[in-house]
Structures are given as C-alpha cells and as structure tokens.
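Protein sequence lines correspond, in order, to chains A and B. Here the first sequence stands for residues 1 to 303, numbered as in the numbering used here. Here the second sequence stands for residues 1 to 203, numbered as in the numbering used here. Each residue gets a CB set at the ideal place from its N, CA and C atoms; glycine is no exception. If you're wondering where the values come from, they're calculated on a predicted model, not measured in any experiment.
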Amino acid sequence: MISERIPVTLKPVLKPVTTALAAESSSRLDLYAIMTLLLLLVYPSSFWYVRIPITVLCVSAFVFRPLRLSPPFWFVVAMTVMAGNYENWFLVDNHKYLLGYWCLALFCCLLTATPEKSLALAANRLIAFSFLFAVFWKIASHDFLDSTFFHYSLLFDERFRSVSELLAGMKSEMMDANRAAYHALLGYDSRMNAVQILFTKGITYLARLITWWTLVIEVAVAVSFLWPMGKSISKWRDFVLIVFILSTYSVAPVLGFGWTLIIMGLVQCDSRYGFVRWLYMAAFVVLQIYNLPFRAIVGGASS
Amino acid sequence: MDRERLKFRALVWSAPLLLCAVACVQIYLALTKTLSPWKGGGFGMFSTVDSPDARFFRIYLINDNEETAVILPDSLKTLGRQVQTIPSPALLTELGQRMAQARWAPYRLTDPVRQYQNEQSPDDSLSGLAPPDDHSAVKTLPDGQIVFPKLLRMEEKGAPRIKPEEAVAFQKVRVEVWKYTLDRASSQLKAAKFLETTVDAQK
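Quick look at the structure:
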C-alpha cells in the first residue's frame, strides 16, 4: 500500500524542482540576451544599413519577450552584424567581429537541448581564441616586444595622453610639439621624411612596463581559458579576465570590447562561485566610470 | 546518441571555428601581403605601430614640370581607407584613375552675407577669377570670394560644380602611399614611401 503511494506523493514534489531549475536557466539566458541587445543598441554600427535594422530588431526583442530566446531572431541579428562586417572588413574593429561571432553563438546554442551549457562553452572558446590570436600578434609583431608600439602610443594616441602626463612626466607643451611634428610629417603638401619628437625617460620606462604587463595578462587569459575547464589554472580564469578588463580599459577605454568580454565572461563563469557574477557586474560599472571625462572634471575644478 | 553529440558539438563550435578561420586568413594576408595587422578580424590591434593610420597619402596633380599636392577628396575616403588597410597597385591605380577622371579647381571661401546679397541680385561673380596658371597667392574676388590657387578640390557630388573656366589643367596624377615608423634611437618619426602609381589624366 505504501509502495503504491510513494510514486504518487513524489511526483508533485519533483516536478516543481525541475520547473524551477528550467525557469532559472531561462531567466539567466534572458539576462544574457538582454545584455547583448543593450550592447548592440548602446554601441551601434557606424553603417546605417546595419544600425537601423539592428535597432528595430533590438527594440522588437525588448517589446516581445519570446523573441529574445528565439533562434531565428538571433540568426537574423548575427547575419546582419556579420554582413556589415564583411562589407566593411577593412574598416571595422576586431570587437565588431567578436560581437558577430557572439550573436552567431547565441543562435547556434539556442538550437541545442541545453542552451546554457552550450553557450557557456562557446563563450569560453571565443574568449580563449580571441586572446590566443591577440598574443600571437604581439609576439609576431616586429615592434611590440621592444616596446616601440606603446612608446608611440604614449606619445601620439590621445587616449594615452593623460597617462603620459600623469605617470611619465610629459609636459603638455611636449605633447603639443609632438602633435605639431606629426601633422608636419603627414600634411598633404609635406615633403618631409622625418620629424624630431620629444619624450622623457619616463616614457621609455612606462612603455616597457605596459608592454610586458599587456603580454603577461593576455597570455594568462589565453592559457587559463584554453586549459580544460575546472582544472588547476582554469579555476582562476574569471579573475584573470576581470583583471585584464579593469587594467586595459582604464588606459584605452574601448568600452564595446570590454562589454562584449564581460557578457561572455558572465555566461561562461562557474555557477558554483556566485560572487564571480557580481565581480563581472562590478567590472561593467567600473568600465562606465572609466568613461567619465576626468581631464575635463579635474581641469574644470582647478580653473 | 552519437548524432546528437555531433550536432551539439557542431553548434557549440561553429562560432569559435569561424573566428579561427577568419583570423588565420587575416594572419596569412598580413604576413604575406600588405594587410595591416590591426584590421581583418585577426585580433592584431594594439600590437604594432603599423595601423591603417600609419599609412598615409601624398597625391600630386602634375602639369608639365609643376606638381601640386592635393588632399584625398571626401568621396574617395572609403576607397582610400581600403588602400591604407591593404595597399596594392590595383587599388592604388583605381584611386588614381578616379582622381584623374575628375575636374579640379582652387578652393573658394564665400562670405555668407555677400553670397546672400549676390543671390538677391546675381552678377558675374567670376569676373575677377585668376587664370588657372596663376598660382601666385590667395586672391579675393570682387564678389568677396577668397580663392586659394594652391589648394585644389575635386568636383564631387553635393559640392558646388566646377565650371570649365575654373578648372586647372593637369596631365597626370601621382598617388604615393607612405608609411611611418617610430625610431626610438634617433627620437624621430620617420616616413618612407611604400607604394606609388602615376595615372594619365583623361580628357
């Protein structure tokens, strides 16, 4: 009598548990979809024939919730992004390629029976391979390891100007003189073959430091993500990626790239460590703070 | 069961494998051709000074022995960017031909008030135009227009048309692609010619 009753009493107990798990997984997938849609909206393509369809698709997905987890929807989004990249391959930055692959991964993984698991695996591989190729280029390049590239960036890339002035002792007048020399060399009617530039010893040291830090952190991300999941160094991959995001984008705020990495990092992170998710969310907030016009704020306050 | 696993793997790996395929093509093009490591989906950004911005143009309209340097026109900026990203003789010739087919004339600035007044009572605003071979100095025409004989513009859609009498004569267009590098030892930014083509003007 009892043995007959057990299955009857167990059935309703087990069913809600399964449904709750499925609902939790579905809500997490929904969160990843929303973050990707926001990324597509906030950092849109500069080509109208990509930007307008993507805006319409994203707004539709915010209004009609089922679209967010619909494979055909993500197929259209992925194809639109990738068609824009294909058409303008010589203009678009690498993170736009990564965004296209990510949308394709969303489409493919939503077709599987376990979309959250498959998406985590795809996100992990996308991060691993993108860093593997980034490391390849840094080693293969003729002017990276000798720190020439960062030496140049610290002197001529406006994004590095604050760092050069704050940490390397470059005076604003020296930066302006270098900028004038640059324009003299590149002017449309210039006949010059070389211009003299000014820099402090600090630039040499800082360029060397940034070069080696970049190489070490990118190798660490590539290795920790390529390592079999759950084993030794792989357990540290989220922390390494977050350190990369926080350190790199504090100097060069390519926020679209940072955001893409945060979404993929969040998707693939080990669900056993709940606080890691919060670290990714904190990194997302910090990235936005990096975008504040600090120079203007400090300059405004001092004047 | 195996078929399901295969399908799962194919779906999971499709995006990462596409990333690898594109990156391998990019590496091949950058190492064997002229593609800048910064572009093409190979994740070579922030690895070298040799970005498309480090490749720049010097363009000349040639008339007999005289060369006039010109700026790359806005309508050719996209093609120009392609040349900067992956320079090739064919692309450079195409760029040169597009410039050689067009009319060129000195830039003019017009005082908006004078232009408004002229449009109310139009007169011959070109009456004081300097002949094309006079490249001596900046000129101010009687209608208030300032003409820059040495600063030429190409006729493009959306910009004022160039009248035949304004057009400058030239026989050839020479387009050069230069590349700069940082020489830390001498503290110099050095530029070297990378590619060059000369195209005959089309009458």
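### Query
How about Ile263(A) and Thr36(A): are their beta carbons less than 8 angstroms apart?
yes
### Task
Report, in whole angstroms, the separation of the C-beta atoms of Gly84(A) and Phe136(A), which I expect to be a contact under 8 angstroms.
Contact flag wrong, Cβ pair sits at about 26 angstroms.
### Query
Whose C-alpha, out of Arg81(B), Glu155(B) and Lys172(B), is nearest the C-alpha of Ala105(B)?
Glu155(B)
#### Entry: Cβ contact (3+ pairs, closer than 8 angstroms) linking the segment 220-233 of chain A and the segment 156-171 of chain A
no
#### Entry: Partner residues on chain A for Tyr220(B), Cβ-Cβ distance less than 8 angstroms
For chain B, the structure presents residues 1 to 203; residue 220(B) sits outside this window and is missing.
### Task
Within the same chain, show all residues whose beta-carbon is closer than 7 angstroms to that of Lys193(B), passing over the 5 residues directly before and after it, in chain order.
Glu176 and Trp178
### Task
Examine chain A for any beta-carbon lying closer than 8 angstroms to the beta-carbon of Gln82(B), and answer yes or no.
Closer than 8 angstroms to some Cβ of chain A, the Cβ of Gln82(B) qualifies, so yes.
### Task
If I'm right that Phe144(A) touches Thr48(B) with Cβ under 8 angstroms, what's the distance once you round it to whole angstroms?
6 angstroms
### Message
Tell me which residue opens and which closes the beta strand (DSSP E) that Ile146(B) is part of.
### Response
Ile146 to Met154
### Query
What do you get for Phe108(A), buried or exposed, if any count of 16 or more other CB atoms within 10 angstroms of its CB means buried?
One point to set straight first is that residue 108(A) is Cys, not Phe, in the sequence displayed. It is buried - the Cβ of Cys108(A) has at least 16 other Cβ atoms within 10 Å.
### Task
Residues of the segment 170-202 of chain A with a CB closer than 8 angstroms to any CB of chain B: list them in chain order, please.
Ala181, Tyr182, Leu185, Leu186, Tyr188, Asp189, Ser190, Met192, Asn193, Ala194, Val195, Gln196, Ile197, Leu198 and Phe199
### Query
What residue range is occupied by the uninterrupted beta strand (DSSP E) comprising Asn63(B)?
Per DSSP, Asn63(B) belongs to the beta strand (DSSP E) from Arg55 to Asn63.
### Query
Taking any Cβ of chain B, which residues in the segment 108-128 of chain A have a Cβ under 7 angstroms from it, in chain order?
Cys108, Cys109, Leu111, Thr112, Ser118, Leu121, Ala122, Arg125 and Leu126
### Query
How about Phe75(A): is its C-beta nearer than 8 angstroms to some C-beta of chain B?
no
### Query
Taking all protein chains shown into account, do 16 or more other C-beta atoms lie within 10 angstroms of the C-beta of Asp124(B), making it buried, or fewer, making it exposed?
Since pLDDT at Asp124(B) reaches only 46, below the 50 mark, its modelled position is unreliable, and the value read off the structure follows with that caveat. The residue in question, Asp124(B), is exposed, as its Cβ has fewer than 16 Cβ neighbours within 10 Å.
### Task
Could you tell me the boundaries of the beta strand (DSSP E) in which Pro89(B) lies?
Not the beta strand (DSSP E): Pro89(B) falls in the alpha helix (DSSP H), residues Pro89 to Ala100.
### Query
Is the CB of Thr32(B) under 8 angstroms away from at least one CB in chain A?
no
### Query
Taking just the CA atoms, how far does Ala184(A) sit from Ala177(A)?
10 angstroms
### Query
Interface residues of chain A around Phe194(B) at Cβ under 7 angstroms?
The contacting residues do not exist; Phe194(B) stays about 13 angstroms from chain A at best.
### Task
Report yes or no: do three or more beta-carbon pairs, one from the segment 108-123 of chain A and one from the segment 272-284 of chain A, lie closer than 8 angstroms?
No, because fewer than three Cβ pairs between the segment 108-123 of chain A and the segment 272-284 of chain A fall closer than 8 angstroms, the two stretches do not touch.
### Task
Evaluate the contact criterion for the segment 89-106 of chain A versus the segment 26-41 of chain B: three or more CB pairs, one atom per stretch, below 8 angstroms.
Yes, since at least three Cβ pairs between the segment 89-106 of chain A and the segment 26-41 of chain B fall closer than 8 angstroms, the two stretches touch.
### Query
Sorted by chain position, which residues of the same chain lie with C-beta nearer than 7 angstroms to Asn88(A)'s C-beta, five sequence neighbours on each side aside?
The residues are Phe47.
#### Entry: Residue closest to Phe239(A), alpha-carbon to alpha-carbon, out of Arg161(A), Leu98(A), Cys269(A) and Ser250(A)
Cys269(A)
### Message
Taking the alpha-carbon of Glu116(A) as reference, which of Thr148(A), Val267(A) and Ile127(A) has the nearest alpha-carbon?
### Response
Selected option, being the one with the closest Cα: Val267(A).
### Query
So what does Ala191(B) bridge to, in DSSP terms?
Tyr180(B)
### Task
Report the three-state DSSP secondary structure of Val195(A) (helix, strand or coil).
strand
### Message
If I measure Cβ to Cβ from Thr140(B) and keep anything under 8 angstroms in the same chain, skipping five residues before and after, which residues do I get?
### Response
Ile146 and Val147
#### Entry: Residue closest to Phe57(B), alpha-carbon to alpha-carbon, out of Lys77(B), Ala30(B), Phe46(B) and Ala167(B)
Lys77(B)
### Query
With DSSP run on the structure shown, which of helix, strand or coil describes Glu165(B)?
coil
### Query
Out of curiosity, what's the CA-to-CA distance linking Ala61(A) and Ser118(A)?
22 angstroms
### Message
Please identify the residue among Val59(A), Val254(A), Thr248(A) and Ser27(A) whose C-alpha is closest to the C-alpha of Leu69(A).
### Response
Ser27(A)
### Message
Measuring alpha carbon to alpha carbon, tell me which residue in Phe199(A), Ser190(A), Ser232(A) and Asn193(A) is nearest Ser187(B).
### Response
It is Phe199(A) whose Cα lies nearest to the Cα of Ser187(B).
### Message
For the ligand PLP, is there any heavy atom lying closer than 7 angstroms to the beta carbon of Lys139(B)?
### Response
Summarising the ligand content, the structure contains no ligands, and the ligand PLP is consequently not present.
### Query
Do Ile59(B) and Met99(B) have their C-beta atoms within less than 8 angstroms of each other?
yes
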